[in-house]
Each structure stands twice: as structure tokens, then as C-alpha cells.
Amino acid sequence: DAMVIQNPRYQVTQFGKPVTLSCSQTLNHNVMYWYQQKSSQAPKLLFHYYDKDFNNEADTPDNFQSRRPNTSFCFLDIRSPGLGDAAMYLCATSRAYNEQFFGPGTRLTVL
Amino acid sequence: GQQLNQSPQSMFIQEGEDVSMNCTSSSIFNTWLWYKQDPGEGPVLLIALYKAGELTSNGRLTAQFGTTRKDSFLNISASIPSDVGIYFCAAARRDDKIIFGKGTRLHILP
């Protein structure tokens with residue numbers, strides 16, 4: 250089945266220790282998104298790639314970076330995680346700006 | 081900027097009851113979407129609407145794209161325990177990424 254895969258599902262890191270979350274997709278969609286979701290809130294868009302073009306949201310902290318080495322994969326790097334970065338991180342894909350399909354998410358804990 | 085006002089914020093119902101929730105905006109959109117999110121999982125697309133006035137069903141779920149293009153509603157008939165979760169509306173203008181409402185949390189009382 251075509252899908253969006255996120256690894257790992259649960260990630261624990263230490264305060265200030267860099268962490269990378271990964272996302273892959275078999276849908277062959279050209280747009281990939283990273284969202285941060287805190288408890289009981291809507292997903293908050295951090296950035297997205299439209300093909301190879303990177304689009305950052307204005308209020309995304311510099312601590313968050315992303316890489317998209319090819320169509321299928323996209324990575325979220327958190328350079329120096331703080332306690333406030335503990336959240337669920339969701340990857341999504343779409344064909345152009347059509348409906349988005351989400352992965353299962355990675356829950357990040359910062360100790 | 082664009083904003084979606086989703087209501088109610090939460091609702092408590094008895095199993096078997098029908099549910100209705102809606103999403104409104106002061107902006108016009110070309111696409112309305114409804115997602116459901118279970119605890120610890122990513123949102124799952126339930127229904128996508130592309131045309132003003134469109135009424136679409138998916139099993140016990142029915143959603144409509146408002147004729148003004150500024151609103152949408154979702155109905156769930158004969159609720160069952162697995163309907164528990166957070167329902168998000170989302171909308172987009174043509175050639176623009178989607179934005180999300182704040183969600184409606186559905187609780188079902190035994």
C-alpha cells in the first residue's frame with residue numbers, strides 16, 4: 250500500500266543533543282511537509298518542500314532544519330532540542346497543493 | 081490572515097447519537113477537508129470536498145462544502161465508540177497549502 254512512513258515512532262533525546270527524524274513516502278508526491286503538534290492543538294506547519302524548493306514558515310525557529318535528498322525522503326533536524334520542543338512531529342505529503350496525507354508521527358521526548 | 085473557526089471545541093455524546101460539527105471562515109476557499117486523529121497517530125483524511133454545495137458521504141460520515149465557500153460541516157450518524165478522537169477541518173485556496181482548524185474533540189459516554 251502506498252503510504253507515508255515515519256521513523257522512529259518514539260524518540261528520546263537529551264536537552265541540547267541534536268536529533269534527526271525521518272520521513273519516507275511511496276506515494277510519489279512532490280510536496281512534503283513537517284508539522285509540530287503539541288497536546289490538544291492543531292498541527293503547526295514548520296516548513297515544506299515543493300519539489301526541491303524549501304519553504305520555511307516565518308515563525309519556525311532556526312533550531313529546526315530540514316533536508317530532502319530525493320523525492321521519497323525528507324528529514325527534520327533539531328539542532329539543539331529544548332524542553333519546549335517535546336511534541337509529536339508529523340510528516341505529510343501531497344500532490345501539488347492538494348489534500349495532504351499524514352504519517353503516523355514521531356513523538357519526541359526531551360530529557 | 082486566513083483562519084478557520086471550528087466548533088464546538090469539544091462534545092460529549094451518548095453512543096448512538098448523531099454528531100454535527102462545523103468550520104467557518106471569513107475567507108473563501110476552493111477545497112475543504114475533514115480529518116480524524118486518534119491518540120498517538122497522525123490525522124487521517126475522511127472526506128475531501130472540491131465544489132461549492134457539494135455533499136459527500138463516507139459510510140456514516142457526511143460532509144458539505146458550503147455554498148458561500150466560507151464554511152463546511154461534518155455529520156456523523158449513529159456514533160460508535162471508535163468515533164472518539166479529534167476531528168480537524170482544513171481548507172485551501174487554489175494553488176496554496178491547506179490550513180487547519182483547531183479541532184473538535186469527540187467524547188462518547190458509555
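Here the protein sequences come in this chain order: L and D.
Residue numbers for the first sequence follow the numbering used here, so the first one is 250 and each next one is one higher.
Residue numbers for the second sequence follow the numbering used here, so the first one is 81 and each next one is one higher.
Glycine included, every Cβ here is placed at the ideal spot set by N, Cα and C.
This structure is a prediction, so every number in the text was calculated from the model and none was measured.
* Option in 300/L, 345/L, 331/L with minimal Cα separation from residue 310/L -> 331/L
* **Per DSSP, the bridge partner or partners of residue 140/D** => None; residue 140/D has no bridge partner.
* What's the call for residue 301/L, buried or exposed, on a 16-neighbour Cβ count within 10 Å? -> exposed
* Report the residue ranges of all alpha helix (DSSP H) runs contained in full by the region 143–175 of chain D; include only those spanning at least 4 residues, in chain order. => none
* Asked: Would you call the CB atoms of residue 186/D and residue 167/D closer than 8 Å?
  -> yes
* Asked: Would you say residue 278/L reaches chain D, if we count a Cβ-Cβ gap shorter than 8 Å as a contact?
  -> no
* Going by C-alpha distance, which of 307/L, 313/L, 288/L, 286/L is nearest residue 265/L? -> 313/L
* To do: Compute the beta-carbon to beta-carbon distance between residue 322/L and residue 288/L, rounded to the nearest angstrom, for a pair I have assumed lies under 8 Å.
  => About 28 Å; that fails the 8 Å criterion.
* Asked: For residue 360/L, does the three-state DSSP call read helix, strand or coil?
  -> coil
* Pick from 151/D, 144/D, 96/D that is closest to residue 181/D, judged by C-alpha positions -> 151/D
* Asked: Assuming residue 148/D and residue 128/D make a contact with CB atoms under 8 Å, what is their CB distance in whole Å?
  -> So it is not a contact: roughly 19 Å between Cβ atoms.
* To do: Flag residue 260/L as yes if its beta-carbon sits less than 8 Å from any beta-carbon of chain D, otherwise no.
  => no
* To do: With DSSP as the reference, please indicate the residues paired to residue 304/L in a beta bridge.
  => 297/L
* Run of the beta strand (DSSP E) containing residue 85/D, from where it starts to where it stops -> 85–87
* Among 267/L, 297/L, 269/L, the one whose alpha carbon lies nearest that of residue 281/L -> 297/L
* To do: Please report the residue range of the beta strand (DSSP E) in which residue 326/L lies.
  => 322–327
* Asked: Got a sec? Which residues, its chain only, sit under 6 Å from residue 279/L by beta carbon, not counting five neighbours each side?
  -> 300
* **Same chain, Cβ closer than 7 Å to residue 163/D, five either side skipped, listed in chain order** => 156, 186, 188
* Name the DSSP bridge partner or partners of residue 347/L? -> Bridge partners of residue 347/L: none, in fact.
* To do: Identify the continuous beta strand (DSSP E) that holds residue 189/D and give its terminal residues.
  => 184–189
* Whole-angstrom distance between residue 177/D and residue 255/L, CA atom to CA atom -> 21 Å
* Asked: Would you report the Cα separation of residue 326/L and residue 153/D, rounded to the nearest angstrom?
  -> 37 Å
* Taking a cut of 7 Å between CB atoms, which residues from the region 160–184 of chain D lie near chain L? -> 168, 172, 175, 176, 177, 178, 180, 181, 182, 183
* Asked: Roughly how many angstroms separate the alpha carbons of residue 324/L and residue 269/L, rounded to a whole number?
  -> 7 Å
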